[in-house]
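Going down the list, the sequences are from chains A and B. Sequential numbering of the first sequence, starting at 1, is according to the numbering used here. Sequential numbering of the second sequence, starting at 1001, is according to the numbering used here.
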Amino acid sequence: MITVKNCISGYGNTEILHSISFIVQPGIVCGLFGPNGSGKTTLIKCCCGSHPYNGSIMIDGSEIKELSPRELARVVAYVPQSHNPMFPFSVKEVVLMGRNPYISPISGPKEEDLIRTEDILKDLNIIDIADNPYTELSGGQRQLVILARALNQDTQVMLLDEPSSALDFKNQIRLWKLLRKLARNGKTIFACTHDPNHISWFCDSAVIMKTGTILTYGLSKETITKENMTELYGDLCTVEEMKNRVVVIPA
Amino acid sequence: MPRLSVLFPERRKKRLILIALLILLIVTMMVTITIGVYPISVQDVYLTIFRHLGFGSIPELTYDIIVWEIRIPRVILAALVGGALAISGAVFQGVFRNPLVEPYIMGVSSGAAVGAGIAIMFGLMIFSLQGSAFLFGVLAACITYMVASNKRETPLVNIILAGIAVTALFDAVLAILKTIAPYGKLQDLIFWLMGGFGGTKWDDVSAIGIQLLVGMIITCFLGWQLNLLAIGEEDARSLGLQVGRIKTLLLGIAVFLTSISVSTVGIIAWVGLIMPHVSRMLLGPDHRILLPASVLIGAIFLVLCDTIARTLISAEIPISIITSVIGGPYLLYLIRRNRSLYFR
């Protein structure tokens, strides 16, 4: 469970997040949605402790700015947008790094960590590419590897920054289905996206941002509405219902 | 019986390669001790060594001096400095996620040389030669880092450009020192600037050997953390690493190792850049293996280069010429091969 109360943050003198408050319930997929520049990435970074903030962000009952990096990494896992790494670490080496919060810095990973890594590689069906260099993977595979690394942190809450933006259609659907499966198994998934249809198709609930404030939050159906889309995009798009699902289409 | 992971079967093999490299280093040192301008038979070389280990007959005095007082300390120092420069390069490349950096390229070597030069010129008692070199090495690293970094990141090109500028700056300071040095000091300074391992004594080995060895061993234990840093600072932080602390510790030790080496043998280019690459090609990017491998391969490389430097012609060739003859073409090859990666 994520509880954000009066959170203020920014860069230098520019305030990006203006006193934000919302709650993400445990065991669900919650989407963080808003146009470019609305502060999604800043909010995600505040929630994973990599950006300073005023106010309160509680994850599973702990105020995250009071945790050490190691404690924090056992509470919340962060999946960054996929990037190009410089060194050709193998897939299994990258996934093993997720065990870092439990590993003694001097002696390195233990047998138990290797076994957990092996299991996660099998679960996500990437055991076949375990020996491949991470640098030579496709975008979809790379995203899965980073997700596996985050799973290896064994946290209750996972934060994802634009997890599907670099993926093709097939991989987008696969990824969101995987996230839903994880939520059913008890994880809390908080993922930002700039596609409103991903919210209505794949997320249980949503937090919608507009220029550093929360426009609304709640169940997906209640947040992706004609009024809210008009508020964000003017008359650019319209909302219709198809086969019991809400679809946002260009007007 | 508890289940065992089958995920990393190659780690055993890699450890064996490390042991093989260690044996290769020892063999290289044993062989190069027998080579020199002054002809001494292999048998006499080892008789001399055995004598110092406490058994055998007393060797001829000339042999004793050449083998025990000249060749052996020199080979040991070359191995230590080679290892130190190579591991420093590996640390810089990992921390900055930039396969083209090393302390020399970031201006640390030139900074350390200025520090050592100032200590020689002004004979500052508070700053020993090494202390002063370290101080200026840190200064150079800080300037390059601050100039090159942009929004917590240090893009590849920025680091190299800043490094060129900082190196030029400190080289100019060194040139000024030479110009204004009084006659007696100038001699000391020039002699020191020539660098190399010529005239190494046991005192030199004992003075810096322990420091280099301790620095290298501590660094080898930080391999796991360096792996995380090498993936990216933001990632490392989210995985629970104290990024600032570990980064400062690693870079501090690397600058220390480089400065101590420079203050003793002068600037030796290329070892720090190339040896980590060779190790990475041989054993992969895992720093838990890569760091000790760099030490061993760097040590072997510099012992061989120094042997060429002292035996190829009757006069001594500056060792940087040897390392550059090998290093320059290799860098060209590296850039050519990876140009799409470096310049996108």
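The beta-carbon is built from N, C-alpha and C at its ideal position, and this holds for glycine as well.
* **Boundaries (first-last residue) of the beta strand (DSSP E) holding A:Arg245** => Along the first sequence, read from residue 1 onward, the residue named residue 245 of chain A stands at position 245. Where A:Arg245 is concerned, the enclosing beta strand (DSSP E) stretches over 245 to 250.
* Is DSSP giving B:Tyr1063 helix, strand or coil here? -> Locating residue 1063 of chain B in the second sequence gives position 63, where the first residue counts as 1. Looking at B:Tyr1063 - three-state DSSP - the assignment turns out to be helix.
* Is the CB of A:Leu72 under 8 Å away from at least one CB in chain B? -> The residue labelled residue 72 of chain A in the question sits at position 72 within the first sequence. So, interface residue.
* Asked: Are any of the Cβ atoms in chain B nearer than 8 Å to that of A:Pro196?
  -> In the first sequence, counting from the first residue as 1, residue 196 of chain A sits at position 196. Cβ-Cβ to chain B under 8 Å: no for A:Pro196.
* **Beta-carbon contacts of B:Gly1094 that lie in its chain and below 7 Å, excluding the five residues immediately before and after** => Indexing the second sequence from 1 puts residue 1094 of chain B at position 94. Here the set comprises Leu1226, Leu1229, Ala1230, His1287.
* Asked: Hey, does B:Phe1008 have any beta-carbon neighbour from chain A nearer than 8 Å?
  -> Numbered from its first residue, the second sequence carries residue 1008 of chain B at position 8. Yes, its Cβ sits closer than 8 Å to a Cβ of chain A.
* If you run the structure through DSSP and keep just helix, strand and coil, what is A:Lys177? -> Your numbering for residue 177 of chain A matches position 177 in the first sequence. Here A:Lys177 sits in helix by DSSP.
* Asked: Roughly how many angstroms lie between the CA atoms of B:Gly1163 and B:Leu1291, to the nearest whole one?
  -> Residue numbering aside, residue 1163 of chain B sits at position 163 when the second sequence is read from its first letter. Residue numbering aside, residue 1291 of chain B sits at position 291 when the second sequence is read from its first letter. Whole-angstrom Cα-Cα distance: 23 Å.
* Asked: Does the beta-carbon of A:Asn84 have 16 or more other beta-carbons within 10 angstroms, so that it is buried, or is it exposed?
  -> Residue mapping note: residue 84 of chain A aligns to position 84 of the first sequence, counting from 1. A:Asn84 is exposed by the Cβ-count criterion.
* Taking contact to mean at least 3 C-beta pairs separated by less than 8 Å, is the region 1085 to 1092 of chain B in contact with the region 1101 to 1119 of chain B? -> yes
* Measuring CA to CA, which of A:Arg99, A:Ser104, A:Ile214 is closest to A:Gly39? -> Stepping through the first sequence from its first residue, residue 39 of chain A is reached at position 39. The residue with the shortest Cα to Cα distance from A:Gly39 is A:Ile214.
* To the nearest angstrom, report how far apart B:Thr1144 and B:Val1166 are at their CA atoms. => Counting from 1 along the second sequence, the entry for residue 1144 of chain B is found at position 144. Counting from 1 along the second sequence, the entry for residue 1166 of chain B is found at position 166. If I take the Cα positions, the gap works out to 6 Å.
* To do: Determine the direct distance from the alpha carbon of B:Ile1260 to that of B:Thr1032, and round the result to whole angstroms.
  => Against the second sequence, residue 1032 of chain B aligns to sequence position 32. Against the second sequence, residue 1260 of chain B aligns to sequence position 260. Their Cα atoms are separated by approximately 24 Å.
* Asked: Hey, is A:Ser48's beta-carbon within less than 8 Å of any beta-carbon in chain B?
  -> Locating residue 48 of chain A in the first sequence gives position 48, where the first residue counts as 1. Here residue 48 of chain A is Cys; the residue named in the question, Ser, does not match the sequence. Yes, its Cβ sits closer than 8 Å to a Cβ of chain B.
* Hey, B:Leu1080 and B:Gly1209 are a contact pair by Cβ (cut 8 Å); roughly how many whole angstroms apart? -> Locating residue 1080 of chain B in the second sequence gives position 80, counting from the first residue. Locating residue 1209 of chain B in the second sequence gives position 209, counting from the first residue. At roughly 6 Å, the Cβ-Cβ gap stays under 8 Å, so B:Leu1080 and B:Gly1209 are in contact.
* To do: Compare the C-beta of A:Met158 against all C-beta atoms of chain B and say whether one is closer than 8 Å.
  => Start at 1 with the first residue of the first sequence, and residue 158 of chain A comes out as number 158. No, A:Met158 lies away from the interface with chain B (no Cβ there is under 8 Å from its Cβ).
* To do: Spell out whether any CB of chain B is found under 8 Å from the CB atom of A:Phe89.
  => For this step, residue 89 of chain A is matched to residue 89 along the first sequence. Yes - at least one Cβ of chain B is within 8 Å of the one on A:Phe89.
* Asked: By how many angstroms is the C-alpha of B:Leu1053 removed from the C-alpha of B:Ala1078?
  -> For the purposes of this step, residue 1078 of chain B is identified with residue 78 of the second sequence, where counting begins at 1. For the purposes of this step, residue 1053 of chain B is identified with residue 53 of the second sequence, where counting begins at 1. Using only the alpha carbons, I get a separation of about 22 Å.
* Can you grab the Cα-Cα spacing for the pair B:Val1138 / B:Val1255, in whole Å? => Position 138 of the second sequence, counting from 1, holds the residue named residue 1138 of chain B. Position 255 of the second sequence, counting from 1, holds the residue named residue 1255 of chain B. If you take the alpha carbons of B:Val1138 and B:Val1255, they lie about 6 Å apart.
* To do: Out of B:Ala1293, B:Leu1021, B:Asp1064, B:Ile1308, state which residue places its alpha-carbon closest to the alpha-carbon of B:Ile1217.
  => Here residue 1217 of chain B is taken as the residue at index 217 of the second sequence, counted from 1. It is B:Ala1293 whose Cα lies nearest to the Cα of B:Ile1217.
* To do: Just tell me which of B:Ser1110, B:Pro1039, B:Gly1327 has its CA closest to the CA of B:Leu1169.
  => The residue labelled residue 1169 of chain B in the question sits at position 169 within the second sequence. Ranking the options by Cα distance to B:Leu1169, first place goes to B:Ser1110.
* Which residues, in order along the region 1219 to 1250 of chain B, keep a beta-carbon less than 7 Å from a beta-carbon of chain A? -> Phe1221, Trp1224, Gln1225, Asn1227, Leu1228, Ala1230, Ile1231, Gly1232, Glu1234, Asp1235, Arg1237, Ser1238, Leu1239, Gly1240, Leu1241, Gln1242
* Asked: From which residue to which residue does the beta strand (DSSP E) around A:Asn54 run?
  -> Within the first sequence, the letter at position 54 stands for residue 54 of chain A. Element bounds for A:Asn54: 54 to 59.
* To do: With a threshold of 16 other CB atoms inside 10 Å of the CB of B:Thr1248, please say whether the residue is buried or exposed.
  => Locating residue 1248 of chain B in the second sequence gives position 248, where the first residue counts as 1. By the 10 Å Cβ count, B:Thr1248 comes out exposed.
* Span of the beta strand (DSSP E), counted from its first residue to its last, around A:Cys265 -> Because chain A here runs from 1 to 251, residue 265 of chain A falls outside it and cannot be looked at.
* Does DSSP put A:Leu167 in a helix, a strand or coil? -> For this step, residue 167 of chain A is matched to residue 167 along the first sequence. Three-state result, A:Leu167: coil.
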